[in-house]
Amino acid sequence: MTVAAAWEGRIGILADPHLHAIETGAAFGRPGQHMLRSLNDTLHSTRVFNESEPALRAALDEMAAKGITLILILGDMTDDGQTPNWEAAATILRDYEARAGMRFFLTPGNHDQWVNGDLVQTKEFSAEDGSVFSVSSAPDNGSDATAAMQRLSYAQMFPHASGFGFAPHPDDLLWETPFGTDPAVESRMGAIATDDAETIFVPDLSYLAEPVAGLWILSIDASVYWPDPASNKGDWRDGSSEGWAAVLQRKSWLLDWMATVSARAERLGKRLVTFSHYPVLDVLNGASGQMDAGGKRRMMPNDGIAARIASTGIGLHFSGHWHLNRSATRLATPDAPALTNIAAPSTVGYPAGWKELDLQGNTAEITTHLLMNAAGRDHINDAYRMAGAKLPEAEDYQSFLRWHLTRLVFLRHLPRDWEDGFAELLATSTLADLIEEEDFTQSAAEISGLTAISDLYLLERAGTLAQVPKERLALYQGLPPSNAAGPAARLLSTLHKHANSAPDNHLRIDLVTGALTAV
4 MTVAAAWEGR IGILADPHLH AIETGAAFGR PGQHMLRSLN DTLHSTRVFN ESEPALRAAL
64 DEMAAKGITL ILILGDMTDD GQTPNWEAAA TILRDYEARA GMRFFLTPGN HDQWVNGDLV
124 QTKEFSAEDG SVFSVSSAPD NGSDATAAMQ RLSYAQMFPH ASGFGFAPHP DDLLWETPFG
184 TDPAVESRMG AIATDDAETI FVPDLSYLAE PVAGLWILSI DASVYWPDPA SNKGDWRDGS
244 SEGWAAVLQR KSWLLDWMAT VSARAERLGK RLVTFSHYPV LDVLNGASGQ MDAGGKRRMM
304 PNDGIAARIA STGIGLHFSG HWHLNRSATR LATPDAPALT NIAAPSTVGY PAGWKELDLQ
364 GNTAEITTHL LMNAAGRDHI NDAYRMAGAK LPEAEDYQSF LRWHLTRLVF LRHLPRDWED
424 GFAELLATST LADLIEEEDF TQSAAEISGL TAISDLYLLE RAGTLAQVPK ERLALYQGLP
484 PSNAAGPAAR LLSTLHKHAN SAPDNHLRID LVTGALTAV
């Protein structure tokens with residue numbers, strides 16, 4: 004693929020804002036009250052909630068200061084797709100459109116909508132006196148009940164989000180979907196293969212837009228929904244764990260459309276930038292299957308899936324969902340074009356930030372900008388302290404998120420991702436003990452097992468930005484990989500893979516070969 008004559012310029016990349024608007028008390032039946040999610044919910048979640056609006060505004064302010072006006076948002080614009088959060092999201096984006104001349108392009112995330120309007124949601128909140136209360140969309144579970152807590156269906160979400168890529172904009176030179184040029188949801192029903200080998204039709208909000216001459220933006224709706232009577236989500240399942248594996252299994256026709264768009268872009272000399280909510284390559288360097296005792300929580304595309312997506316010719320793809328600052332590439336061969344995936348970090352998880360894409364000739368330069376501060380968080384921190392949290396003393400936004408992740412390791416990841424009893428083993432072991440147990444030779448007597456498991460999740464999330472001390476990082480890089488089944492062996496092998504990840508902070512991509520180079 005040759006792109007030297009195509010559009011050149013900069014694009015902002017933002018992932019998983021998970022907007023939870025706290026000034027929505029009236030909508031939830033509590034006028035005048037801040038809807039602050041509880042500390043307990045926050046410390047058991049992969050994201051923080053109450054900081055989402057300050058963080059989103061901080062990222063957009065940084066983009067505006069750099070003169071970046073084209074912004075891709077890689078899914079999960081809202082936290083669980085409630086009407087008040089979608090209304091707040093649309094208000095914020097329209098504000099930046101008016102003040103900074105920005106254009107926003109969304110793609111559906113698994114928290115933005117549901118296949119229908121029947122998904123019950125219940126959330127826990129903190130009152131100003133420190134007490135905790137729940138709000139639910141179901142009237143019979145003992146919580147405050149309001150329809151405002153319901154996750155919207157595609158059709159219900161669409162009026163809030165249509166102005167941000169999902170429908171044609173007056174300035175667009177081209178806008179279309181896999182189904183034609185009608186933006187209505189009822190005209191965008193895609194075939195889904197069910198477990199019973201039947202075909203049903205559900206909405207698909209994929210689109211192609213040309214906002215400026217020569218630039219094609221391809222948003223792929225990689226959300227997949229299918230009936231499952233065993234599901235606890237209203238007899239439907241979604242493919243958020245499987246990602247692109249579910250796309251290929253259940254709506255593979257999307258790849259045919261992607262290939263058609265890619266071929267047209269090359270023929271017409273257009274620059275094609277593609278994004279969806281889920282990664283199209285294994286950005287975890289082969290570590291995803293080793294980290295989870297259940298095997299699916301961080302499921303990444305295997306080689307066969309990656310080869311099929313690469314064959315579409317999309318070349319460069321951006322993803323969110325897993326809240327990772329990572330990257331992966333599949334080099335071009337005589338038989339297949341290159342495919343590169345840049346995974347952008349969330350603004351509400353460590354390491355919060357956004358990506359700047361600079362396209363020049365056959366090169367894409369990626370710069371990661373960390374969010375160090377998110378103004379307006381003092382009253383949120385006060386609520387956390389009232390609930391008993393001991394926040395870090397030198398508390399900027401990154402420090403707070405690192406503190407959040409280190410607690411998440413013990414409250415969520417160890418219980419969910421590892422076998423029973425492994426946390427107790429780590430508490431009484433050093434890394435040297437674990438290495439000796441698995442017949443490795445390096446000495447690591449000064450690294451506790453609990454430090455090692457914390458480093459593992461910091462490296463998983465932040466890649467080269469994890470700020471793991473260089474001596475420990477060098478030790479992890481030198482650990483020999485292992486296929487042993489025990490949790491200690493998997494810990495060591497996973498540390499090795501995360502410590503030897505691809506460039507992810509400031510890098511250049513050769514768009515012809517797919518080669519990544521750290522800058």
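Sequential numbering from 4 applies to the sequence shown in my numbering. Ideal placement from N, C-alpha and C gives every residue a C-beta, glycine not left out.
Quick one: grab the DSSP three-state call for residue i.
| i | result |
| --- | --- |
| K473 | helix |
| N376 | coil |
| Y387 | helix |
| P490 | helix |
| A430 | helix |
| G452 | helix |
| P206 | strand |
| E213 | strand |
| L509 | In the sequence under discussion, the amino acid at residue 509 is His, which differs from the Leu named in the question. Of the three classes helix, strand and coil, the one that applies to H509 here is strand, per DSSP. |
| P418 | helix |
| Y353 | coil |
| I436 | According to the sequence shown, residue 436 is Asp rather than Ile. D436: helix per DSSP, three-state reduction. |
| E368 | strand |
| L75 | strand |
Applying the 10 Å Cβ sphere with the 16-neighbour rule, what's the burial state of residue i?
| i | result |
| --- | --- |
| G298 | Residue placement at G298 cannot be trusted, given a pLDDT of 42 that sits under 50; the coordinates are not used to answer. |
| Q363 | exposed |
| P29 | Contrary to the premise, residue 29 reads as Ala rather than Pro in this sequence. By the neighbour-count rule (16 or more Cβ atoms within 10 Å), A29 is not buried but exposed. |
| N344 | buried |
| L22 | buried |
| K358 | buried |
| D507 | buried |
| V227 | buried |
| M375 | exposed |
| P340 | buried |
| K273 | buried |
| S134 | exposed |
| Y99 | buried |
In terms of residue numbering, what span does the alpha helix (DSSP H) encompassing residue i cover?
| i | result |
| --- | --- |
| T86 | T86 to A103 |
| H163 | Y157 to A164 |
| A44 | Before going further, note that residue 44 is Asp rather than Ala in the sequence given. Start and end: L42 to L46. |
| V250 | W247 to R253 |
| A130 | A130 -> no alpha helix (DSSP H), and no H or E assigned at all. |
If you draw a straight line from the C-alpha of residue i to the C-alpha of residue j, how long is it?
| i | j | result |
| --- | --- | --- |
| G193 | Y400 | 41 Å |
| G35 | V138 | 16 Å |
| A262 | I317 | 7 Å |
| T49 | E463 | 13 Å |
| L271 | G217 | 9 Å |
| S55 | A309 | 32 Å |
| A61 | I203 | 42 Å |
| K500 | A200 | 38 Å |
| G168 | I14 | 15 Å |
| T444 | A435 | Summary for T444: the model assigns pLDDT 48, below 50, so the residue's position carries little reliability; its value from the coordinates is reported in the next sentence. Those two C-alpha atoms are separated by around 9 Å. |
| N384 | I16 | 28 Å |
| D361 | R97 | 24 Å |
| R191 | I369 | 33 Å |
| Q116 | G84 | 5 Å |
| H165 | D238 | The sequence given here places Ser at residue 165; His does not occur at that position. Each residue's Cα considered, the two are about 27 Å apart. |
| A378 | P490 | 41 Å |
| V412 | M105 | 37 Å |
| P483 | T497 | 10 Å |
| Y281 | S322 | 5 Å |
| L109 | M80 | 8 Å |
What residue range is occupied by the uninterrupted beta strand (DSSP E) comprising residue i?
| i | result |
| --- | --- |
| Q363 | G356 to Q363 |
| G12 | G12 to L17 |
| R106 | R106 to L109 |
| M192 | M192 to A196 |
| E179 | L177 to E179 |
| D241 | W239 to D241 |
| W219 | L218 to S222 |
| A61 | Where A61 is concerned, there is no enclosing beta strand (DSSP E), although the alpha helix (DSSP H) it sits in stretches over S55 to A68. |
| T520 | L519 to A521 |
| L411 | Looking at the DSSP string, L411 is not in any beta strand (DSSP E); the run it does join, the alpha helix (DSSP H), is Y400 to L411. |
| V138 | V135 to S139 |
(message) Quick check on the DSSP output: what are the complete beta strand (DSSP E) runs of length 3 or more inside the region 266-338, in order along the chain?
(response) The region 266-338 contains these whole beta strand (DSSP E) runs: 274-278, 319-322 and 329-333.
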